[in-house]
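Structure record follows, encoded as structure tokens.
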Amino acid sequence: MPSPERRIPPIQAQTPSTEAHVPASAEVQTPPLDEQPPPQQFVEPVPQDEVKVSIRNLNFFYGQTHALLDVSMGIPNKAVTAIVGPSGCGKSTLLRVLNRIYGLYPGQRAEGEVLLDGQNILDRKVHLPWLRSRVGMVFQQSTPFPMSIFDNVAFGVRLYENLRKPELAARVEESLRSAALWEEVKDKLDRSALSLSGGQQQRLCVARSMAVRPEVLLLDEPASALDPISTAKLEDTIVSLKREVAIVIVTHNLQQAARVSDRTAFMFLGRLIEYGTTERVFNNPRTARAADYVTGRFG
């Protein structure tokens, strides 16, 4: 007998109090994020032997703006972790902390710990080229370099390693295969990467990131500008790649998160509200905010 459908009670409108009259012209002042009481939160721990990245009490600031507030979570190895939430909730900010790309912009800073295999990558002593070789990133808009398809994929390898031509060619092929692009471009590797379609360019960026053999791959809304067919190919690539690396994907598409991820984190106003297995978060959310979001009440 199928289990009864879970019903979320409707939000009840509150009756205004007659004890105090607030003039219509008065503005309701919302306290700063760090002064608001913590919301209801439910975070499932990741088994310690599965953790690739451990985020502990992470706070992030754009100048004086407190954008991330005490975020703590574990990111499992060889799995896909999706980060969802409404616009401005801190999803992409969290992603950018994981390879310290924010360091390119003055006035931005992070506090807390982000441990990659036990090493705090927020430590100033961490060598950034080393970090970027271990934590790759693909952005919302595809970013192919104005050079050949081959040279795009080989770019990072040439930067970090000194391979002979046969070894380099093998690495390029391996990376293009991992991004499900080899069969489409194997006969035109010397052509400009800018001649590829949008979906192919995005998979080329994935191949370029994978060529340096990272341990973590960050994807910031990688399919937002793609058509459904290209999106499906990219999603197949993501599911395939998780056998090799830990993947963190930011997406506005809840259906995409449900299709490709093993764990889902829901963020709201800079805080981590709920985190757990994707099946549980979508089918049995434990917080009111997450329930409202995954059922489409807001967002």
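-8 is the number of the first residue of the sequence shown in this note's numbering; add one for each residue after it.
Each residue gets a CB set at the ideal place from its N, CA and C atoms; glycine is no exception.
Exposure label - residue i; buried when at least 16 CB within 10 Å
{"i": "T226", "result": "One detail in the question is off: residue 226 reads as Glu in this sequence, not Thr. Buried, because 16 or more other Cβ atoms sit within 10 Å of the Cβ of E226."}
{"i": "E158", "result": "exposed"}
{"i": "L208", "result": "buried"}
{"i": "Q246", "result": "exposed"}
{"i": "A161", "result": "exposed"}
{"i": "Y284", "result": "buried"}
{"i": "Y96", "result": "exposed"}
{"i": "K233", "result": "buried"}
{"i": "V62", "result": "buried"}
Cβ neighbours of residue i in the same chain (closer than 6 Å, five flanking residues each side left out)
{"i": "V144", "result": "V163, S166, A198, R199 and A202"}
{"i": "L65", "result": "Contrary to the premise, residue 65 reads as Gly rather than Leu in this sequence. Correct list, in chain order: V37, V42 and S45."}
{"i": "N274", "result": "none"}
{"i": "N111", "result": "E104"}
{"i": "G267", "result": "E35"}
{"i": "V241", "result": "I74, K82, S83, L86, D211 and E212"}
Residue nearest to residue i in terms of C-alpha spacing, selected from the options
{"i": "S186", "options": "R115, H118, W121 and P135", "result": "P135"}
{"i": "A70", "options": "G267, R254, T228 and N275", "result": "R254"}
{"i": "Q99", "options": "V105, T84 and D108", "result": "T84"}
{"i": "A101", "options": "Q131, F51, S124 and I74", "result": "F51"}
{"i": "Y53", "options": "P67, Q110, V88 and I140", "result": "V88"}
{"i": "S183", "options": "R115, A216 and D142", "result": "D142"}
{"i": "D211", "options": "R91, H243, Q131 and F146", "result": "Q131"}
{"i": "Y93", "options": "P77, M128 and R250", "result": "M128"}
{"i": "L119", "options": "Q193, R47 and R91", "result": "R91"}
{"i": "E206", "options": "S124, R47 and L106", "result": "S124"}
{"i": "G190", "options": "Y151, R115, S133 and S169", "result": "S133"}
{"i": "S221", "options": "A171, H57 and G109", "result": "A171"}
Nonlocal neighbours in the same chain, by C-beta distance under 8 Å from residue i, ignoring five residues either side
{"i": "W173", "result": "E164 and L167"}
{"i": "C80", "result": "M258, F259, L260 and G261"}
{"i": "H243", "result": "V75, S78, E212 and S215"}
{"i": "A237", "result": "K43, V44, I66, P67, N68, K69, A70, T72, E206, V207 and L208"}
{"i": "G147", "result": "S124, R199, S200, A202 and V203"}
{"i": "S16", "result": "Confidence at S16 is low in this model, with a pLDDT of 44, below 50, so the placement of that residue is unreliable and no value is reported for it."}
Cα-Cα separation between residue i and residue j, rounded to whole angstroms
{"i": "R271", "j": "K82", "result": "20 Å"}
{"i": "Q55", "j": "D40", "result": "37 Å"}
{"i": "K156", "j": "C196", "result": "21 Å"}
{"i": "A214", "j": "S231", "result": "16 Å"}
{"i": "L49", "j": "K224", "result": "34 Å"}
{"i": "P59", "j": "R204", "result": "The residue asked about is misnamed: residue 59 is Leu in this sequence, not Pro. Their Cα atoms are separated by approximately 29 Å."}
{"i": "D181", "j": "L113", "result": "39 Å"}
{"i": "T72", "j": "R288", "result": "23 Å"}
{"i": "M138", "j": "D178", "result": "16 Å"}
{"i": "A216", "j": "E175", "result": "20 Å"}
{"i": "R194", "j": "A281", "result": "31 Å"}
{"i": "R149", "j": "I140", "result": "14 Å"}
{"i": "P276", "j": "P67", "result": "20 Å"}
{"i": "L107", "j": "S188", "result": "35 Å"}
{"i": "R250", "j": "I229", "result": "10 Å"}
{"i": "W121", "j": "N153", "result": "15 Å"}
{"i": "D218", "j": "V239", "result": "21 Å"}
{"i": "T269", "j": "K116", "result": "36 Å"}
Residue i - partner residues in DSSP beta bridges
{"i": "M258", "result": "L263"}
{"i": "A101", "result": "F51"}
{"i": "D211", "result": "V241"}
{"i": "F33", "result": "E265"}
{"i": "S183", "result": "S139"}
{"i": "L59", "result": "F51"}
Close Cβ partners of residue i (< 7 Å) along its chain, the five nearest in sequence each way excluded
{"i": "T278", "result": "Q31, Q32, F33, I264 and E265"}
{"i": "Q192", "result": "S133, P135 and A184"}
Test: residue i CB closer than 8 Å to a CB of chain B
{"i": "R47", "result": "Absent from the structure: chain B. Only one protein chain is present."}
Near the ligand SAM: residue i beta-carbon under 7 Å from a heavy atom
{"i": "Y96", "result": "With respect to the ligand SAM, the structure offers nothing, as it holds no ligand at all."}
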